[in-house]
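Here is the structure we will look at, set down as structure tokens.
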Amino acid sequence: MTEDKQVPLTQTLVGAGVVLLGLAMAAGAVTIKSEAGYAGVGPNFLPWVVSIVLVICGGFIVFEARTGGFRELDEPSGAASGWWPGLVWVSAGLLANAALITTIGFILACTLCYLLAVQGLRRSQGQAGVMSARTLGIDVFTGFAIAAPVYWMFTQFLAINLPGLTNSGWI
Numbered sequence: 001m002t003e004d005k006q007v008p009l010t011q012t013l014v015g016a017g018v019v020l021l022g023l024a025m026a027a028g029a030v031t032i033k034s035e036a037g038y039a040g041v042g043p044n045f046l047p048w049v050v051s052i053v054l055v056i057c058g059g060f061i062v063f064e065a066r067t068g069g070f071r072e073l074d075e076p077s078g079a080a081s082g083w084w085p086g087l088v089w090v091s092a093g094l095l096a097n098a099a100l101i102t103t104i105g106f107i108l109a110c111t112l113c114y115l116l117a118v119q120g121l122r123r124s125q126g127q128a129g130v131m132s133a134r135t136l137g138i139d140v141f142t143g144f145a146i147a148a149p150v151y152w153m154f155t156q157f158l159a160i161n162l163p164g165l166t167n168s169g170w171i
């Protein structure tokens with residue numbers, strides 16, 4: 001196939017995938033009980049909204065692809081292929097978070113996840129000094145500054161239990 005025909009086919013497949021994802025989510029939403037809860041909205045409301053929006057967006061993507069493809073696309077930036085070590089760093093952060101969240105608590109596990117993910121992203125950009133004490137300190141502080149308020153909002157204001165380091169509900 002020529003390049004001109006390949007791009008709309010790929011774009012059509014992406015749109016069809018989004019439609020299928022929306023339909024799969026709708027199939028899951030059917031299984032959720034629809035008893036109205038707070039403010040008359042049941043637990044299946046949001047899955048239905050997301051399902052409908054996905055199907056509509058996927059339909060628009062398919063339509064756009066079938067009528068000539070995405071127009072006025074910028075040339076892709078970055079490398080011709082992905083940088084696999086960056087994926088390993090980000091994956092290690094996610095896996096460490098999942099493995100350690102019940103042991104060291106939400107805040108510290110998310111801080112570690114952030115630190116590892118940012119290391120992968122910094123390295124993929126070729127930044128110098130990614131292992132310097134200053135850079136690591138900034139990344140740890142930033143990860144903690146993001147994770148702590150999220151933890152406190154969920155545990156203190158929304159009364160949703162997240163694993164903590166102590167039983168106080170604050171760490």
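Sequential numbering from 1 applies to the sequence shown in full-length UniProt numbering. Ideal Cβ positions, reconstructed from N, Cα and C, are used throughout, including at glycine.
The beta carbon of L116 lies closer than 6 Å to those of W89, A92 and G93 in the same chain, with the five residues before and after it left out. Fewer than three beta-carbon pairs drawn from the stretch 153-163 and the stretch 121-137 are found closer than 8 Å, and the two stretches are therefore not classed as touching.
Residue burial annotation: Q127 is exposed, with fewer than 16 other C-beta atoms found within 10 angstroms of its C-beta. Within a 10 Å sphere around the beta-carbon of I101 sit 16 or more other beta-carbons, which makes this residue buried.
Judged by their CB atoms, I56 and N44 are not nearer to each other than the 7 Å cut-off. When V30, L54 and L46 are compared, the shortest CA-CA separation from G15 is found for L54. Straight-line spacing of the CA atoms in L13 and V62 works out to 8 Å. Distances from the alpha-carbon of V118 to those of M25, A96, G86 and A99 put G86 closest. In the structure shown, I32 falls within a coil segment according to DSSP collapsed to helix, strand and coil. Residues T135 of the same chain have their beta carbon placed closer than 6 Å to that of G129, with the five preceding and five following residues left out of the count. DSSP, read as helix, strand or coil, puts P8 in helix. For the pair T111 and F144, the CB atoms are nearer than the 7 Å cut-off. Assignment of alpha helix (DSSP H) within the stretch 75-143, counting only whole runs of 4 or more residues, yields 84-104 and 106-124 in chain order.
In the DSSP annotation of this structure, the continuous segment of the alpha helix (DSSP H) that includes G58 starts and ends at F45 to R66. For G69, the secondary structure class from DSSP, reduced to helix, strand or coil, is coil. Straight across, the Cα-Cα distance linking D139 with Y114 is about 7 Å.
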